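Counting from 312, one number per residue, gives the positions in the sequence shown under our numbering.
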Amino acid sequence: MIDLHAHILPGIDDGPSTLGEARDLLKAAATAGTTHIVATPHMNPAQFPNTQAGICQVFNATRVELEQASGIRLAVSAEVRVGLDTVELVERDEIPWLGEYDGQPVMLVEFPHTHLPTEAVNVVRWLVTRGIVPLIAHPERNREIMNNYKRLRELADLGCLFQLTAAAMVGGFGPIAQQVGRRMVEDKLVYALASDTHNTRFRPPALGPGGRVIEKMIGSSRVSDLVFDNPWRIVAPLFEAPAIDLVV
Ligand SMILES: [Fe+2]
């Protein structure tokens, strides 16, 4: 399986603190059947002010050891907290894209969990006008969407894709997130299932348990789209690029 949203790089955000923890996390992912992971550390100026250069530095310093320890192939991108500064980052070409969708760059976009700020939605609209495809991380956990599902439809109409978190489908983020996740699956609004893993204990890397819930809903071939075909369609260029391209 291909996991396009995971916090697996050490000491860079609220994922693993040490290389040893990162190694354990990746070994757990391998045991759970994941073969490819895109490391997506937070880029959030208020909390985790990571830059493209800093992220790539950590990735390049740890990649070989983490791949060898786990057998998982790794690539790097970021989970971008969308705000006005995102515009500047795009203008300066300092976004680590998640890959491509129909030839257009894809950004893994995070909103605050509490609501959808108008300003942030306007930036998402701007991204679309610039030919960038927003892949919205875990909308099922956004309180405004939990309270008003129409907001998700509005984002879909803008041209956003959606990433559902596997643990949400087994109740890991409470019953409302689970219900919203189920509704997204029923409405065919999920583009990819991902782990958004942070650690082995509370935010584990397994896609299987959530995938099996979805399988019961829509069948195995469509679950396969969510954990293989669709994510690969976006992230393949990251894995096919020579490593030197990742050095900034
Ligand atoms: Fe995340």
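Glycine included, C-beta positions come from ideal geometry on N, C-alpha and C.
Small disclaimer: the values here were computed from a predicted structure and weren't measured.
Asked                                                                                                                                                                             : Found
I believe glutamate 430 touches leucine 395 by the beta-carbon criterion, under 8 Å. Please report the beta-carbon distance rounded to the nearest angstrom.                      : 6 Å
Grouping DSSP H, G and I as helix and E and B as strand, with all else coil, what is arginine 462?                                                                                : helix
Tell me whether the stretch 384-391 and the stretch 413-420 touch, counting them as touching only if at least three CB pairs, one residue from each stretch, are closer than 8 Å. : yes
Could you check whether methionine 495 and phenylalanine 473 sit closer than 8 Å to each other, using their CB atoms as the reference points?                                     : yes
So does alanine 479 have its beta carbon nearer than 7 Å to some heavy atom of ligand 1?                                                                                          : no
Opposite asparagine 355 in the DSSP bridges: which residues?                                                                                                                      : Phe359
Bridge partners for aspartate 536 per DSSP, in chain order?                                                                                                                       : Aspartate 536 is not bridged to any residue.
Considering just the uninterrupted stretch of the alpha helix (DSSP H) at methionine 528, what are its terminal residues?                                                         : 519-529
With alanine 339 as the anchor, note down where its beta strand (DSSP E) starts and where it stops.                                                                               : No beta strand (DSSP E) holds alanine 339; the alpha helix (DSSP H) holding it covers 330-342.
Can you list, in chain order, the residues of its chain whose CB lies under 8 Å from that of arginine 384, leaving out five sequence neighbours each side?                        : Thr346, His347, Ile348, Glu378, Phe550
Would you give the residue range spanned by the beta strand (DSSP E) that threonine 476 belongs to?                                                                               : 472-476
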